[in-house]
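**Student:** Per my numbering, residue 1 is the first one in the sequence shown, and the count goes up by one each step.
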Amino acid sequence: MSDSFMVAARIPMTRDGFDHWLDVEIPAAADAIDDPGAMYTGWFWDGKSPEDDWDLDRDGRTPRSLFAEQIVKGHGAVVLRHRDDALEAYLFHFGFDRWSVHMALLALAAAGRNATGDAEALFWAETSGSLCPPEWDGRLACLAIGRTTARFRPRHDLTEVIEALRPAESAFFALIGRLHAEEQGDGSYPSARNPEFVDPAVLA
């Protein structure tokens with residue numbers, strides 16, 4: 001299994017909806033996801049129970065505080081922006097950081113309340129961080145995000161979901177390239193805060 005664990009979603013949303021979402025407290029799994037225990041059903045980790053993984057210390061965190069902390073502390077790499085009337089998220093975690101992955105999924109589930117249409121968030125592990133083809137069998141979970149709740153879906157055709165995420169994937173690889181170049185410099189990683197990758201409101 002890869003050391004690169006990814007969460008990504010494109011959720012249709014107005015700019016006002018995005019700004020509002022940033023400051024909504026991240027909910028408990030019981031308040032945001034209908035079937036948290038079905039997270040891995042039908043995917044690569046089918047049979048693995050995620051029940052205890054949803055017992056999280058949320059401590060009043062919002063999407064803004066959650067992702068700003070990851071960016072400032074350099075925990076993984078974050079693409080999080082409002083682009084073409086949608087929230088785009090492409091989030092890298094080094095290793096299976098259970099808390100960060102599940103908090104990210106809860107934050108995206110909560111985004112459905114401000115969405116203008118349905119969406120799906122993907123969770124997978126792949127060394128390069130790429131989306132991989134729709135038929136790839138290594139994905140770990142898919143969360144269908146609606147206006148009132150979210151629900152995990154078993155394996156299905158992800159062609160449209162993958163296609164919609166390609167711009168965020170391209171931004172992620174551009175970010176990784178810049179971070180690698182900056183690693184050879186003073187270690188400040190200014191690209192991690194670049195508006196091309198992270199909406200300035202996230203760090204406000």
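Just so you know, even glycine gets a beta-carbon here, dropped at the ideal spot from N, CA and C.
Taking residue 147 as the reference, which of 125, 108, 99 has the closest Cα?
**Tutor:** For residue 147, the nearest C-alpha among the options comes from 108.
**Student:** So, under 8 angstroms CB-CB, residue 198 and residue 64 are touching, yes? Tell me the CB distance rounded to an integer number of Å.
**Tutor:** Going by Cβ atoms, the distance from residue 198 to residue 64 rounds to 11 angstroms, so no, they are not a contact pair.
**Student:** Is DSSP giving residue 28 helix, strand or coil here?
**Tutor:** Coil at residue 28, not helix or strand.
**Student:** Using the beta-carbon count (16 or more within 10 Å), is residue 50 buried or exposed?
**Tutor:** Buried, because 16 or more other Cβ atoms sit within 10 Å of the Cβ of residue 50.
**Student:** Thinking residue 91 and residue 76 are a contact (beta carbons under 8 angstroms), I'd like their distance in whole angstroms, please.
**Tutor:** Confirmed, about 7 angstroms.
**Student:** Decide if residue 156 is buried, meaning its Cβ has at least 16 other Cβ atoms within 10 Å, or exposed.
**Tutor:** It is exposed - the Cβ of residue 156 has fewer than 16 other Cβ atoms within 10 Å.
**Student:** With a threshold of 16 other CB atoms inside 10 Å of the CB of residue 10, please say whether the residue is buried or exposed.
**Tutor:** Label assigned to residue 10: buried.
**Student:** Near residue 46, which residues of its chain fall below 8 angstroms by C-beta distance, leaving aside the five closest residues on each side in sequence?
**Tutor:** Closer than 8 angstroms at Cβ, skipping near neighbours: 40.
**Student:** Can you tell me which residues form a DSSP beta bridge with residue 93?
**Tutor:** Per DSSP, 5.
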